[in-house]
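Number of protein chains: 2
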Amino acid sequence: MKAQITITLKNGVLDPQGKAIEHALDALGFDGIGGVRQGKFIEVDLAEADPERARKQVAAMCEQLLANMVIENYSFEIEGA
Amino acid sequence: MKAQITITLKNGVLDPQGKAIEHALDALGFDGIGGVRQGKFIEVDLAEADPERARKQVAAMCEQLLANMVIENYSFEIEGA
Chain A
41 MKAQITITLK NGVLDPQGKA IEHALDALGF DGIGGVRQGK FIEVDLAEAD
91 PERARKQVAA MCEQLLANMV IENYSFEIEG A
Chain B
41 MKAQITITLK NGVLDPQGKA IEHALDALGF DGIGGVRQGK FIEVDLAEAD
91 PERARKQVAA MCEQLLANMV IENYSFEIEG A
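Line by line, the protein sequences give chains A and B.
Count the first sequence with the working numbering and you get residues 41 to 121, in order.
Count the second sequence with the working numbering and you get residues 41 to 121, in order.
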């Protein structure tokens with residue numbers, strides 16, 4: 041079973057990396073860009089076969105290690121569930 | 041219109057960041073982890089209202105700036121399309 045996790049900065053948290061991308065896209069001539077936010081994408085292979093338990097395991101991983109809950113949100117999908 | 045872009049390393053490309061996460065999850069007591077791969081997630085606000093043109097614009101952004109096509113793949117979804 042595969043978990044695809046997306047970790048994004050909470051609204052209001054400064055995102056200098058996103059700003060840098062925005063300026064670079066602008067410099068390359070892309071018009072009409074209202075904003076860019078950068079986050080992380082993490083794919084985890086799990087041995088767990090039960091979707092409900094896999095979901096709980098992934099949520100625990102996000103809260104304990106992968107996401108900084110003060111400034112980041114996480115969301116995930118379980119593939120093959 | 042919002043584009044949600046996911047950039048992942050191609051298969052076979054070494055991913056030390058993923059390996060580090062894998063070891064850290066293991067050290068925290070998470071069992072049955074077969075592998076971890078880390079990628080990037082980028083959200084871009086577009087002024088473009090036509091879904092087809094937005095798709096082309098985002099593909100061009102990925103190829104010119106966001107993804108290193110030698111070692112990375114990209115995929116994206118257009119929200120509100």
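For each residue, glycine too, the CB sits at the ideal point set by N, CA and C.
| Query | Result |
| --- | --- |
| Count the other CB atoms, across all protein chains shown, that sit within 10 Å of the CB of Met101/B; report buried if there are 16 or more and exposed otherwise. | buried |
| Report the three-state DSSP secondary structure of Ile111/A (helix, strand or coil). | coil |
| Of the residues that make up the stretch 73-90 of chain A, which ones have a beta carbon closer than 7 Å to any beta carbon in chain B? | Ile73, Gly74, Gly75, Val76, Arg77, Gln78, Gly79, Lys80, Phe81, Ile82, Glu83, Val84, Asp85, Leu86, Ala87 and Glu88 |
| In angstroms, rounded to a whole number, what distance separates the CA positions of Ala107/A and Glu112/B? | 23 Å |
| How far does the beta strand (DSSP E) with Ala43/B in it extend, from its first residue to its last? | Lys42 to Leu49 |
| I'd like to know whether the C-beta atoms of Ile62/A and Gly75/A end up nearer to each other than 8 Å. | It is Glu, not Ile, that sits at residue 62/A in the sequence shown. Taking 8 Å as the Cβ cut-off, Glu62/A and Gly75/A qualify as a contacting pair. |
| Return yes when the Cβ of Gly79/A is within less than 8 Å of the Cβ of Phe116/B, no when it is not. | no |
| Would you identify the three-state DSSP class for Leu65/A, choosing helix, strand or coil? | helix |
| Alpha carbon to alpha carbon, what distance is there between Leu68/A and Lys42/B? | 19 Å |
| Distance cutoff 8 Å, beta carbons only. Does Ala60/B sit that close to anything in chain A? | no |
| Should Leu54/A go down as buried or exposed, given a rule of 16 or more other Cβ atoms within 10 Å for buried? | exposed |
| Nearest to Leu86/B by CA position, among Gly120/B, Leu49/B, Ile47/B and Lys50/B, is which residue? | Gly120/B |
| Going by DSSP, which residues form a beta bridge with Gln104/B? | Paired residue(s): none; Gln104/B is not in a bridge. |
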